[in-house]
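Accompanying notes for the structure given below.
Numbering (UniProt numbering), first residue to last: 1 to 108.
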C-alpha cells in the first residue's frame with residue numbers, strides 16, 4: 001500500500017492487499033502506537049521470549065484465540081531472537097506509517 005501511495009508507481013495496474021492497514025488517522029494516535037510498540041520492543045530485548053509472548057498474546061487483538069492456540073503460537077515463536085523481534089517492531093510500527101486511506105481512495 002505504501003509503495004502504491006507514496007512511491008513510484010508508473011505501470012502499476014492493480015493492488016491486491018491481504019492483511020494490511022491503511023494507517024492511523026492522526027499524529028496523536030501514531031505517537032501512542034509508537035510508544036506502545038517501543039515498550040514491547042524493550043520487553044522483547046530484555047525479558048525471556050516466552051514471558052513476553054505470553055503477555056503479547058493476551059492483547060485484545062488475540063482475544064479469539066483459545067488457550068491452546070495461544071500456547072501453540074508461544075511455542076512456535078519462542079525460538080525467535082528478542083532483539084530481532086524488537087528491531088522489526090520498531091522499524092515497522094504503525095506509528096511510523098502515514099495515513100494512507102485518502103491516497104488509496106485516489107488510486108481507486
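Glycine residues also receive a C-beta, built at the ideal position from the N, C-alpha and C atoms.
Practice problem: Could you spell out the range, first to last residue, of the alpha helix (DSSP H) harbouring residue 44? | Solution: Here residue 44 refers to the residue found at position 44 of the chain shown. Segment 27-46, the alpha helix (DSSP H) holding residue 44.
Where the alpha helix (DSSP H) through residue 85 begins and ends: The residue you call residue 85 lines up with position 85 of the chain shown. Residue 85 -> alpha helix (DSSP H) spans 82-92.
Flag this pair as yes or no: are the beta carbons of residue 90 and residue 38 separated by less than 8 Å? Mapped onto the chain shown, residue 90 falls at position 90. Mapped onto the chain shown, residue 38 falls at position 38. For residue 90 and residue 38, yes; Cβs fall inside 8 Å.
For residue 11, three-class secondary structure by DSSP: Residue mapping note: residue 11 aligns to position 11 of the chain shown, counting from 1. DSSP places residue 11 in coil when its eight states are reduced to three.
#### Entry: Span separating the alpha-carbon of residue 80 from that of residue 67
Start at 1 with the first residue of the chain shown, and residue 80 comes out as number 80. Start at 1 with the first residue of the chain shown, and residue 67 comes out as number 67. Their Cα atoms are separated by approximately 21 Å.
Distance check for residue 5 and residue 57, CA to CA, integer angstroms please. Your numbering for residue 57 matches position 57 in the chain shown. Your numbering for residue 5 matches position 5 in the chain shown. About 32 Å.
- Task: Tell whether a beta-carbon distance below 8 Å holds between residue 22 and residue 101.
- Result: In the chain shown, counting from the first residue as 1, residue 22 sits at position 22. In the chain shown, counting from the first residue as 1, residue 101 sits at position 101. Contact: yes.
Close Cβ partners of residue 30 (< 7 Å) along its chain, the five nearest in sequence each way excluded: Here the question's residue 30 lines up with position 30 in the chain shown. Once the five neighbours on either side are set aside, the close Cβ partners of residue 30 are 24 and 95.
Review point. Since residue 93 contacts residue 49 with CB under 8 Å, what's their CB separation in whole angstroms?
Key: The residue you call residue 93 lines up with position 93 of the chain shown. The residue you call residue 49 lines up with position 49 of the chain shown. Not quite, the Cβ-Cβ distance comes to about 20 Å (not below 8 Å), so this is no contact.
inquiry  = Let's see if you can read the secondary structure: which residues bound the alpha helix (DSSP H) around residue 4?
reply    = Numbered from its first residue, the chain shown carries residue 4 at position 4. Per DSSP, residue 4 belongs to the alpha helix (DSSP H) from 2-6.
Q | As assigned by DSSP and simplified to three states, the class of residue 69 | A | Your numbering for residue 69 matches position 69 in the chain shown. Residue 69 falls in the helix class under three-state DSSP.
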